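The numbering of the sequence shown is the working numbering, which starts it at 262 and goes up by one. The beta-carbon is built from N, C-alpha and C at its ideal position, and this holds for glycine as well. A quick note: this is a predicted structure, and the numbers were derived from the prediction, not measured. Okay, so here's the structure we're looking at.
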Amino acid sequence: MSNEYSSLQKRVKTIYYLEKQRDNLKIQLNSLDKEIMESKQLLLDEIKNNQLTDSKMQYKNKVFYYKQQKKYNPMTQCYIKQQLCNYLQSDKALEIFEKLLANRELKIKEYVESCESVNKK
């Protein structure tokens with residue numbers, strides 16, 4: 262009887278431990294979701310200000326800071342990659358990058374025209 266009781270105790274402890282781990286992972290995922298949303302907002306704000314390279318570095322630093330702090334977890338990396346892929350494949354991201362590209366082309370065209378006008382003088 263005591264052997265069965267001991268076995269049951271071990272199983273209960275294992276279940277409790279697994280549930281606790283699951284809850285901790287849920288908390289981590291929620292905090293990562295918040296980090297990703299904040300990073301996306303920073304990226305969008307900086308794209309609007311035509312500072313793409315700076316925002317790209319900030320976004321990378323935000324997303325992968327867990328790895329730098331030795332809190333690296335393959336499941337976390339997989340989740341982040343999936344979120345990143347979903348965002349980059351979205352129509353909104355494509356629309357923003359197209360606007361940015363059009364803005365760059367317009368600036369280049371204005372620069373070329375100003376150079377031509379200076380050369381004519």
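Proximity to residue i [Cα-Cα], best of the options
{"i": "Asp306", "options": "Ser375, Ala354, Leu269", "result": "Ala354"}
{"i": "Ala363", "options": "Asn380, Ser375, Lys309", "result": "Lys309"}
{"i": "Leu304", "options": "Glu377, Ser268, Ile357", "result": "Ile357"}
is_contact[residue i, chain D] using C-beta, thresh 8 Å
{"i": "Asn291", "result": "In summary, chain D is missing from the structure at hand, where a single protein chain is found."}
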